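So the sequence shown is numbered by this note's numbering: it starts at 1 and just counts up by one.
Quick reminder that beta carbons are idealized off the backbone N, C-alpha and C, glycines included.
Just so it is clear, the structure is predicted and the values come from calculations on it, not from any experiment.
Have a look at the structure below before the remarks.
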Amino acid sequence: MRRSRSRWTRPALSATDLALLIVMTALVKAHLEAALAGSLVSLLFGGQHIAIFVLTLLHHPAAGQVRTDHQFRDGASLLRWP
Numbered sequence: 001m002r003r004s005r006s007r008w009t010r011p012a013l014s015a016t017d018l019a020l021l022i023v024m025t026a027l028v029k030a031h032l033e034a035a036l037a038g039s040l041v042s043l044l045f046g047g048q049h050i051a052i053f054v055l056t057l058l059h060h061p062a063a064g065q066v067r068t069d070h071q072f073r074d075g076a077s078l079l080r081w082p
């Protein structure tokens, strides 16, 4: 009999997700510092990066589905774009 693992014991984020979150943290910090200096555009970009950060953390594959690395898949499709 196969035992299912709890969702708390399996890794929820891939290596690509972790790398994305590290880069996004640095970008958010830089944009928020620029926004505090008065740049409205940096404030908007900072908000966009925060939204991507939160959506990456909230994304979970459907039960029974194999997790795919969307960043790699989408990046590869851009390379083949005519």
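Between which residues of its own chain and residue i is the CB-CB distance below 8 Å, once the five residues before and five after are set aside?
| i | result |
| --- | --- |
| Val28 | Gly46, His49, Ile50 and Phe53 |
| Ala37 | none |
Measure the alpha-carbon distance for residue i versus residue j and round it to whole angstroms.
| i | j | result |
| --- | --- | --- |
| Val41 | Ser14 | 31 Å |
| Thr16 | Thr25 | 14 Å |
| His59 | Ala19 | 15 Å |
| Ser39 | Val23 | 21 Å |
For a quick check, are the C-beta atoms of residue i and residue j less than 8 Å apart?
| i | j | result |
| --- | --- | --- |
| Thr56 | Leu32 | no |
| Leu43 | Ala30 | no |
Where does residue i sit, in a helix, a strand or coil, going by DSSP?
| i | result |
| --- | --- |
| Leu38 | Correcting the residue identity first, residue 38 is Gly in this sequence and not Leu. Three-state DSSP puts Gly38 in coil, outside helix and strand. |
| His49 | helix |
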